[in-house]
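Residue -8 is where the sequence shown starts when you use the working numbering, and the numbers rise one by one after that.
Note that CB positions come from ideal geometry on N, CA and C, so glycine has one too.
These numbers come from a predicted model, not from an experiment.
Encoded as structure tokens, the structure appears first; notes follow it.
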Amino acid sequence: MNVYPAIRKVAIINNTADEQRTTVYDGNGNPHTMILRSEELRWESIVENSIQL
-8 MNVYPAIRKV
2 AIINNTADEQ
12 RTTVYDGNGN
22 PHTMILRSEE
32 LRWESIVENS
42 IQL
């Protein structure tokens, strides 16, 4: 995951050729499990210091 505070976005990236299941925490300690396709790049927003998943 790469964080871009200036634009209030995070990029969640799967840099593999295989589908991946991962858990991302929203900044308040809440886990969110997601499945990323091969080579997927997913953008999410940061709202009030928390990732909106």
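Our two residues, residue -1 and residue 14, have alpha carbons roughly 20 angstroms apart in a direct line.
Around the beta carbon of residue 42, 16 or more other beta carbons sit within 10 angstroms, so the residue counts as buried.
In this structure, residue 35 lies near residue 3, with their beta-carbon atoms less than 8 angstroms apart. If you look at residue 41, you'll find it in the beta strand (DSSP E) that goes 41 to 43. Residue 8 sits in coil when the DSSP states are folded into three classes, being neither helix nor strand.
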